[in-house]
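> Each step along the sequence shown adds one to the number in the working numbering, with nothing skipped, and position 306 is 379. First, the structure itself, so that you have it in front of you.
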Amino acid sequence: MLCPHVNDTSERLALAYSGMINFKGYAYSCNNIRIAILPEDPNWLPAVRNRISLLSDQSGLWMMDEPNVWSQVLLSFITYTNLFEGFTANIGYYTTKEQWIQVLKQLKTGVQQSRNAIEAAAQTYDERYKRFKNIQTLLDESIKAGWEELDDEIKIITEIAGQIQKLQDQLGNLQDDMSGIGLRSGQSYVQSSLSMMYGLVTVAGSSVSFLSMLGLAFTIGKTFYDVYKDNADIANTLHQLNELQLKASYTAQAAAATKMVLQTCYQLEKEFLGLHKSLPYLASIWTAEEDKINEAIDALNSGSDPARMFTLQSMPSALATWTTIAGYCQKMTASPLPGEAVTIQIPTTK
């Protein structure tokens, strides 16, 4: 039939949708990283702060572009479904080979436009990735300089940074990706605000604000707070962080905190690369549909009777599939449901 398999298509849509949602979350984090100016700023810190500002600016541009880019992906299916529906409604009026060829040629144009829309979206993400990578490289260099300046404390810096990475991994594992089954069953994302506040422990035992990061957490069927609030593993990681901070100097704690920024960059890069694969995978649906249309045109040109061609006469059944797929896409245009905000303080308050 002149339609893809609905389950396969929903899986591909869900893969791209999850990638886009995760990308949005990490881009939001990169746009909302702030590092305070310390009373005694280490020599390496101004460069880190400046490059985080560049990262924030670039992330802000991505977030402005992203809704339009993603909507073009979804509209490629919705628009084509409307086109297909229009021709299917008049199927009884197509009796000659010439009429059917004209219909198929117009459907082919629609298929090509849909594929072009997804390929353009993929190209936009690729271009954004190149800009991000340039900034990430500069940021890596600045942070590396800070770690090298504190070479005598590298062991404790590494231990603190390891716990920070562990914490971020644990928080990431609490989030959900949309599946094809979830999409077909009508599940929706819940979006929660996630704030991380990292302070430096002074010799006197007080805490001075140093790094703040605002993020977005996405779950399905429950809020992020629901899965976070009683998580013993996260509580233990935060306790370990507290203990390690007490053993490190002021500047060593600051250097270790930069791992939080790098880890966010690595996650954003991972989502970039995921979209680099999932969007072309989605676009290949349209290539397969174009091949089917070409085969039907060739069959008509070879003398096949359109009234006896299953590909043509099954268009009403194909329309039902396209309508289902368009419904999934329409649902993905809706904003996620709101969830309760979560704030994580390092060191934790008693």
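Each residue gets a CB set at the ideal place from its N, CA and C atoms; glycine is no exception. Predicted model only: the values in this text are computed from it and were never measured.
Is the distance from the Cβ of Ala195 to the Cβ of Leu352 below 8 Å?
Walking along the sequence shown from the start, residue 195 turns up at place 122. Walking along the sequence shown from the start, residue 352 turns up at place 279. Result yes, Cβ atoms of Ala195 and Leu352 sit closer than 8 Å.
> So for Pro379, helix, strand or coil by DSSP?
Along the sequence shown, read from residue 1 onward, the residue named residue 379 stands at position 306. In the structure shown, Pro379 sits in a helix (DSSP, three-state: H, G or I).
> First and last residue of the alpha helix (DSSP H) that includes Gln418?
Counting from one through the sequence shown, the residue named residue 418 turns up at place 345. Where Gln418 is concerned, there is no enclosing alpha helix (DSSP H), although the beta strand (DSSP E) it sits in stretches over 415-419.
> Quick check on the DSSP output: the beta strand (DSSP E) that includes Val281 runs from which residue to which?
Locating residue 281 in the sequence shown gives position 208, counting from the first residue. 280-293 is the extent of the beta strand (DSSP E) around Val281.
> In or out: Met286 buried (at least 16 other Cβ within 10 Å) or exposed?
Here residue 286 refers to the residue found at position 213 when the sequence shown is read from its first residue. The residue is buried, with at least 16 neighbouring Cβ atoms inside 10 Å.
> Let me confirm a value: Ser91 is counted as buried when at least 16 other C-beta atoms fall within 10 Å, else exposed. Which label applies?
Stepping through the sequence shown from its first residue, residue 91 is reached at position 18. Ser91 should be labelled buried.
> So does the stretch 365-383 actually touch the stretch 108-126, counting three or more Cβ pairs closer than 8 Å?
No, the stretch 365-383 does not touch the stretch 108-126.
> Going straight from the alpha carbon of Leu111 to that of Val281, what length do you get?
Start at 1 with the first residue of the sequence shown, and residue 111 comes out as number 38. Start at 1 with the first residue of the sequence shown, and residue 281 comes out as number 208. The straight-line gap from Cα to Cα measures roughly 9 Å.
> Kindly indicate the opening and closing residues of the alpha helix (DSSP H) around Gln238.
Indexing the sequence shown from 1 puts residue 238 at position 165. Taken as a continuous stretch (DSSP letters only), the alpha helix (DSSP H) holding Gln238 covers 227-246.
> Would you please state the rounded distance, in angstroms, between the beta carbons of Ser83 and Leu335? I believe it to be under 8 Å.
Start at 1 with the first residue of the sequence shown, and residue 83 comes out as number 10. Start at 1 with the first residue of the sequence shown, and residue 335 comes out as number 262. Not really, about 35 Å apart at Cβ, beyond 8 Å.
> Measuring CB atoms only, is the stretch 389-400 touching the stretch 143-159, in the sense that at least three cross pairs come out at less than 8 Å?
Verdict: yes, contact present.
> Where do the N-terminal and C-terminal ends of the beta strand (DSSP E) with Gln264 fall, by residue?
Within the sequence shown, residue 264 is the residue found at index 191, counting from 1. That run of the beta strand (DSSP E) goes 262-274.
> On the CB-based measure, 16 or more other CB atoms within 10 Å of its CB, does Asp249 come out buried or exposed?
Numbered from its first residue, the sequence shown carries residue 249 at position 176. By the neighbour-count rule (16 or more Cβ atoms within 10 Å), Asp249 is buried.
> Taking the alpha carbon of Glu413 as the reference point, which residue from Leu385, Ile237, Ser126, Leu267 has its own alpha carbon closest?
By one-based count along the sequence shown, residue 413 stands at place 340. Ranking Leu385, Ile237, Ser126, Leu267 by Cα distance to Glu413 puts Leu267 first.
> Roughly how many angstroms separate the alpha carbons of Gly133 and Ser265, rounded to a whole number?
One-based indexing of the sequence shown puts residue 133 at position 60. One-based indexing of the sequence shown puts residue 265 at position 192. Distance between the alpha carbons of Gly133 and Ser265: 19 Å.
> Counting Cβ pairs closer than 8 Å, one from the stretch 198-205 and one from the stretch 343-357, do we hit at least three?
Taking 8 Å as the limit for Cβ pairs, the verdict is that the stretch 343-357 does touch the stretch 198-205.
> What is the DSSP secondary structure of Leu429, counted as helix, strand or coil?
Missing from the structure shown is residue 429; the chain here goes from 74 to 423 and no further.
> Assuming Pro409 and Tyr262 form a contact by the criterion Cβ under 8 Å, report the distance between their Cβ atoms to the nearest whole angstrom.
Counting from 1 along the sequence shown, the entry for residue 409 is found at position 336. Counting from 1 along the sequence shown, the entry for residue 262 is found at position 189. Indeed, because the Cβ distance is near 4 Å, the residues count as touching under 8 Å.
> Under 8 Å: do the stretch 163-179 and the stretch 370-388 share three or more Cβ pairs, one atom per stretch?
At 8 Å Cβ cutoff, the stretches touch.
> Could you work out which residue in Trp359, Asn95, Thr275, Ile254 is closest to Ala190 when comparing CA atoms only?
Within the sequence shown, numbered from 1, the residue matching residue 190 stands at position 117. If we check each option's Cα against that of Ala190, Trp359 comes out closest.
> Excluding the five sequence neighbours on either side, which residues of its own chain have a C-beta within less than 8 Å of the C-beta of Met136, listed in chain order?
Taking the sequence shown and counting its residues from 1, the one referred to as residue 136 is at position 63. Around Met136: Lys97, Ala100, Tyr101, Asn104.
> Is it true that the stretch 222-236 meets the stretch 372-381, where meeting means three or more beta-carbon pairs spaced less than 8 Å apart?
Segments in contact, no.
> Exposed or buried, which one is Val276 when buried takes at least 16 other CB atoms within 10 Å?
As a position in the sequence shown, residue 276 is number 203, starting the count at 1. Under this definition Val276 is an exposed residue.
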